[in-house]
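Engineer: This is the structure I have questions about; it appears just below.
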Amino acid sequence: RIGSATSLSSASINTRLQELVRLFRERTEKVKEKLIDPDVTSDDESPVASPAAAVPAPGGELEGDKPSGSDHYCEMLCCTFKSQPWLDRLKSYQFPSSIDPLTNLMYVLWLFFVVMAWNWNCWLIPVRWAFPYQTPANIHYWLLVDYLCDLIYLLDIVIFQTRLQFVQGGDIITDKKAMKKNYLQSQRFKMDVLCLLPLDFFYFKVGVNPLLRFPRCLKYMAFFEFNSRLEAILTKAYIYRVIRTTAYLLYSLHVNSCLYYWASAYEGLGSTTWVYDGEGNSYIRCYYWAVKTLITIGGLPDPKTLFEIVFQLLNYFTGVFAFSVMIGQMRDVVGAATAGQTYYRSCMDSTIKYMNFYKIPRAVQNRVKTWYEYTWHSQGMLDESELLVQLPDKMRLDIAIDVNYNIVSKVALFQGCDRQMIFDMLKRLKSVVYLPNDYVCKKGEIGREMYIIQAGQVQVLGGADGKSVLVTLKAGSVFGEISLLAAGGGNRRTANVVAHGFANLFILEKKDLNEILVHYPESQKLLRKKAKKMLKNNNKPKDEKGGPGDPVIIPQKADTPKLFRAALAATGRMGGKGPLGRLRWRLKELRAMQ
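Reading the sequence shown from the start, the letters are residues 62 to 655 in our numbering.
Next comes the structure, spelled out in structure tokens:
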């Protein structure tokens with residue numbers, strides 16, 4: 062019993078010593094990796110500071126639970142919410158000392174109100190001048206909105222325009238005096254002052270004549286600036302361009318209807334068959350006449366007097382010119398909106414024509430068409446590099462970092478490398494779309510690329526028939542990275558990889574990586590060391606108890622039969638003579654060589 066207890070204690074001690082040796086060995090490996098790669102962080106968690114104990118107040122209440130006097134609380138559904146009164150928030154708001162006109166959305170919103178005031182003047186001044194809609198009974202409503210628009214004009218000059226940043230000599234100027242001086246010396250300031258000429262004082266002499274407010278229409282520069290800023294933030298700017306072009310056409314018809322009513326009133330309502338007869342809604346009937354004139358539909362009554370003839374001729378000439386300009390502008394807007402779709406159709410038609418000329422099989426043609434359709438609908442373009450080629454190198458890098466850095470930084474092979482090397486590598490990635498059941502790579506072929514799955518899934522096939530699914534890789538997975546650094550024949554693919562559905566992959570070619578590593582020798586050494594380590598780990602058997610490991614190239618020799626071993630032993634005892642003796646001596650030599 063004492064001997065068995067001693068053996069058990071010695072076995073437990075040996076087990077503990079082996080475990081300690083294993084822990085020390087793992088610790089040594091981690092220290093070595095940290096010395097080689099300083100960016101590798103330790104697996105030990107950093108200590109978390111314990112929260113400070115809450116000190117009770119003299120009244121027995123914790124200080125953290127005691128609301129301060131400046132806080133405002135509101136009760137709702139038996140719950141208390143902390144909120145700040147809107148008046149306090151309004152008082153605490155500070156207007157910015159400088160405004161970036163290119164990126165500040167608040168400035169775009171302000172331009173919207175300025176443009177609304179400008180449209181009020183442009184659309185309603187002709188109506189109030191020509192049609193009898195402005196009467197002494199409603200004159201105060203018209204004047205109220207007029208002076209509200211004038212207030213918006215004045216605030217735009219005093220508050221916003223004097224705070225706009227500008228570029229001078231490549232520098233962004235934000236100094237108050239410099240921004241104010243720049244605005245006062247600009248052409249826009251002259252137009253803004255001109256549009257606020259106080260011609261309203263003539264109301265006391267000639268009455269409230271809307272034509273005296275015509276200078277308010279000169280603030281057109283704010284309208285064009287608003288168009289530029291709005292198109293920059295809209296995802297589908299062509300829709301706004303179509304609406305704007307349509308508004309141009311409607312405004313030209315609006316002005317023509319006002320002129321027609323004025324001409325009819327000048328000649329006398331209903332005096333001839335050409336003028337407006339004064340029946341029905343005056344604006345709608347005059348607008349209908351303007352549409353028929355500008356679009357040159359025909360069917361209008363013939364003018365009778367010289368004034369009517371001249372007026373009609375000018376209308377025809379203006380209508381032909383204006384309508385042709387509007388049609389041309391609309392064509393340009395629609396053409397710019399569908400330029401990408403036109404390019405896609407042109408490429409697809411050319412490819413189909415090429416395949417028909419060389420009599421490509423119909424199955425291949427269908428796959429090519431499917432690739433065109435999926436690539437266009439998934440990413441809106443056929444080649445992403447064509448879109449980025451016009452951008453500066455720094456902007457291409459910024460876009461590549463936002464799109465690909467999170468994926469590439471998770472690749473174990475590149476962890477710890479120079480960050481700038483990874484940035485250079487991001488610009489070399491190429492996007493490729495694979496159709497369902499397309500082979501991404503085949504077993505035995507030379508590996509020259511690394512693949513990063515952006516969207517979709519791929520399946521790794523293996524087994525005796527080469528069709529069994531070993532693993533399914535999803536978005537964010539990486540494969541083929543060891544082939545980038547393997548030398549000699551070690552970069553052959555070890556399995557077939559097939560696209561499970563539509564798969565969008567990023568590809569990094571081996572030649573591109575070699576061109577980058579020339580400038581980063583330390584990262585090159587680290588990558589080669591990691592590649593060797595990954596190859597070594599991949600070559601280890603998966604189960605030490607006889608599980609499936611790597612295939613053995615030279616199988617082990619079978620054991621010698623027992624009867625044959627007994628005969629050899631008897632021959633040795635007899636002196637080692639005869640054929641068996643010579644064979645026994647030969648086996649000893651082979652064993653010594655092994």
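We treat Cβ as the ideally placed atom computed from N, Cα and C, and that holds for glycine.
These numbers were taken from a predicted model, which means no experiment stands behind them.
Please state the DSSP three-state secondary structure of residue 581.
Structural biologist: If you number the sequence shown from 1, residue 581 lands on position 520. Correct three-state label for residue 581: coil.
Engineer: What residues in its chain sit with their C-beta under 6 Å from that of residue 531, if we drop five residues either side in the sequence?
Structural biologist: For the purposes of this step, residue 531 is taken as residue 470 along the sequence shown, with counting starting at 1. Hits under 6 Å: 521, 523.
Engineer: Quick check on residue 485: buried or exposed, where buried means 16 or more other Cβ atoms within 10 Å of its Cβ?
Structural biologist: Stepping through the sequence shown from its first residue, residue 485 is reached at position 424. By the neighbour-count rule (16 or more Cβ atoms within 10 Å), residue 485 is buried.
Engineer: Just checking my contact of residue 306 with residue 394 at CB under 8 Å: how many whole Å lie between their CB atoms?
Structural biologist: Taking the sequence shown and counting its residues from 1, one reaches residue 306 at position 245. Taking the sequence shown and counting its residues from 1, one reaches residue 394 at position 333. That pair is a contact at about 6 Å.
Engineer: Among 248, 199, 494, whose alpha-carbon lies nearest the alpha-carbon of residue 440?
Structural biologist: Within the sequence shown, the letter at position 379 stands for residue 440. The shortest C-alpha separation from residue 440 is found at 494.
Engineer: Assuming residue 546 and residue 589 make a contact with CB atoms under 8 Å, what is their CB distance in whole Å?
Structural biologist: For the purposes of this step, residue 546 is taken as the residue at position 485 of the sequence shown. For the purposes of this step, residue 589 is taken as the residue at position 528 of the sequence shown. The Cβ separation is near 6 Å, so the contact holds.
Engineer: I'd like to know whether the C-beta atoms of residue 313 and residue 350 end up nearer to each other than 9 Å.
Structural biologist: Position 252 of the sequence shown, counted from the start, is the residue given in the question as residue 313. Position 289 of the sequence shown, counted from the start, is the residue given in the question as residue 350. Going by C-beta atoms, residue 313 is not nearer than 9 Å to residue 350.
Engineer: DSSP state of residue 472, grouped into three classes?
Structural biologist: Stepping through the sequence shown from its first residue, residue 472 is reached at position 411. Correct three-state label for residue 472: coil.
Engineer: Have a look at 567, 501, 496 and flag the residue whose alpha-carbon is nearest the alpha-carbon of residue 537.
Structural biologist: Taking the first residue of the sequence shown as 1, we reach residue 537 at position 476. Among 567, 501, 496, the Cα nearest to that of residue 537 belongs to 567.
Engineer: Could you tell me the distance, in whole angstroms, from the CA atom of residue 213 to the CA atom of residue 471?
Structural biologist: Residue mapping note: residue 213 aligns to position 152 of the sequence shown, counting from 1. Residue mapping note: residue 471 aligns to position 410 of the sequence shown, counting from 1. Cα-Cα distance, rounded: 54 Å.
Engineer: Skipping 5 residues on each side, what residues in its chain have a beta carbon closer than 8 Å to that of residue 489?
Structural biologist: Numbered from 1 along the sequence shown, position 428 holds the residue referred to as residue 489. Excluding residues within five positions, the ones whose Cβ falls inside 8 Å are 569, 570, 573, 574, 577.
Engineer: Report yes or no: do the region 364-380 and the region 330-349 share at least 3 C-beta pairs separated by less than 8 Å?
Structural biologist: Segments in contact, yes.
Engineer: Kindly list the residues whose CB is nearer than 7 Å to the CB of residue 384, restricted to its own chain and excluding five residues on each side of it in sequence; keep chain order.
Structural biologist: In the sequence shown, residue 384 corresponds to position 323, counting from 1. If we look at residue 384 and ignore the five residues flanking it on each side, its Cβ neighbours are 355, 356.
Engineer: On the CB-based measure, 16 or more other CB atoms within 10 Å of its CB, does residue 376 come out buried or exposed?
Structural biologist: Taking the first residue of the sequence shown as 1, we reach residue 376 at position 315. So residue 376 counts as buried.
Engineer: Give me whichever residues DSSP pairs with residue 491 in a beta bridge.
Structural biologist: Position 430 of the sequence shown, counted from the first residue, corresponds to residue 491. DSSP output for residue 491 lists 568 as bridge partner(s).
Engineer: Among 411, 262, 204, 236, whose alpha-carbon lies nearest the alpha-carbon of residue 160?
Structural biologist: Along the sequence shown, read from residue 1 onward, the residue named residue 160 stands at position 99. Closest option to residue 160, Cα to Cα, is 236.
Engineer: Taking the beta carbon of residue 328 as the centre, do at least 16 other beta carbons fall within 10 Å, making it buried, or is it exposed?
Structural biologist: Taking the sequence shown and counting its residues from 1, the one referred to as residue 328 is at position 267. Counting Cβ neighbours within 10 Å, residue 328 comes out buried, since at least 16 surround it.
Engineer: Are the beta-carbon atoms belonging to residue 512 and residue 475 less than 9 Å from one another?
Structural biologist: Within the sequence shown, residue 512 is the residue found at index 451, counting from 1. Within the sequence shown, residue 475 is the residue found at index 414, counting from 1. Not closer than 9 Å, so no.
Engineer: Classify residue 508 as buried or exposed, calling it buried when 16 or more other Cβ atoms lie within 10 Å of its own Cβ.
Structural biologist: Locating residue 508 in the sequence shown gives position 447, where the first residue counts as 1. Buried, because 16 or more other Cβ atoms sit within 10 Å of the Cβ of residue 508.
Engineer: Could you give the residue range of the beta strand (DSSP E) that holds residue 557?
Structural biologist: To locate residue 557, count along the sequence shown from 1; it is residue 496. That run of the beta strand (DSSP E) goes 557-560.
Engineer: Using 10 angstroms around the beta-carbon of residue 456, count the other beta-carbons present and answer buried if the total reaches 16, otherwise exposed.
Structural biologist: Here residue 456 refers to the residue found at position 395 when the sequence shown is read from its first residue. Its Cβ having fewer than 16 others within 10 Å, residue 456 is exposed.
Engineer: Could you have a look at residue 659 and say whether DSSP puts it in helix, strand or coil?
Structural biologist: The structure shown has nothing for residue 659, since the chain only spans 62 to 655.
Engineer: Can you name, in chain order, every residue of its own chain whose Cβ lies under 7 Å from the Cβ of residue 496, other than the five neighbours on each side?
Structural biologist: By one-based count along the sequence shown, residue 496 stands at place 435. These residues qualify, in order along the chain: 428, 431, 432, 560, 563.
Engineer: Have a look at residue 462 and residue 251 and give me their C-alpha separation to the nearest angstrom.
Structural biologist: Counted from its first residue, the sequence shown places residue 462 at position 401. Counted from its first residue, the sequence shown places residue 251 at position 190. C-alpha separation (whole angstroms): 45 Å.
Engineer: Should residue 280 be labelled buried (16 or more other beta-carbon atoms within 10 Å of its own) or exposed?
Structural biologist: For the purposes of this step, residue 280 is identified with residue 219 of the sequence shown, where counting begins at 1. It is buried - the Cβ of residue 280 has at least 16 other Cβ atoms within 10 Å.
Engineer: May I have the straight-line CA-CA distance separating residue 294 from residue 552, to the nearest angstrom?
Structural biologist: For the purposes of this step, residue 294 is identified with residue 233 of the sequence shown, where counting begins at 1. For the purposes of this step, residue 552 is identified with residue 491 of the sequence shown, where counting begins at 1. Straight-line Cα distance between these residues: approximately 48 Å.
Engineer: Are residue 302 and residue 286 touching if we call contact CB-CB under 9 Å?
Structural biologist: As a working note, residue 302 is residue 241 in the sequence shown. As a working note, residue 286 is residue 225 in the sequence shown. Not closer than 9 Å, so no.
Engineer: The alpha helix (DSSP H) that contains residue 239, what's its start and end?
Structural biologist: By 1-based counting over the sequence shown, the position of residue 239 is 178. Its alpha helix (DSSP H) spans residues 237-245.
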